[in-house]
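Here is the structure we will look at.
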């Protein structure tokens, strides 16, 4: 019974650390860019877009297709950075144990 109680205590502690990590991630600001920085997108830790900056040189109506592609690329870059940051934070909490996203403790 001691082992079970110890496991439950560890699971509760891990849950608290994961909640702290999630709060930390939510407060993060991640920036992605494309076109040598001509398009920049800012996401919060949840992946919601909070800002977009477009170099005025790209506002040429003849270049709208390129501008749209650069916006998509900047969003993708920011999301990739966010996912990598979240993964690193999760490793800190779980000690390198790969757990599925959204897993809650205790079970």
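In our numbering, the protein residues as written are 33 to 139.
C-beta atoms are modelled at their ideal positions from N, C-alpha and C, and glycine is treated no differently.
Identify, in the order they occur along the chain, each residue of the same chain with its Cβ nearer than 7 Å to the Cβ of residue 59, setting aside the five sequence neighbours on each side. These residues qualify, in order along the chain: 77.
Give me the Cβ distance between residue 103 and residue 84, rounded to the nearest whole Å; I'm assuming they're in contact under 8 Å. With 8 Å as the limit, residue 103 and residue 84 qualify as a contact, their Cβ atoms being about 7 Å apart.
Buried versus exposed call for residue 109 [16 or more other C-beta atoms within 10 Å across all chains shown]: The residue is buried, with at least 16 neighbouring Cβ atoms inside 10 Å.
In angstroms, rounded to a whole number, what distance separates the CA positions of residue 71 and residue 82? The straight-line gap from Cα to Cα measures roughly 14 Å.
Taking residue 215 as part of the alpha helix (DSSP H), name the residues at either end of that continuous run. The displayed coordinates of the chain run from 33 to 139. Any statement about residue 215 would go beyond what the structure contains.
Residue 55 in three-state terms, based on DSSP: Note: residue 55 maps to helix in three-state DSSP.
Residue 45 - partner residues in DSSP beta bridges: According to the DSSP secondary-structure assignment, residue 45 is paired through a beta bridge with no residue.
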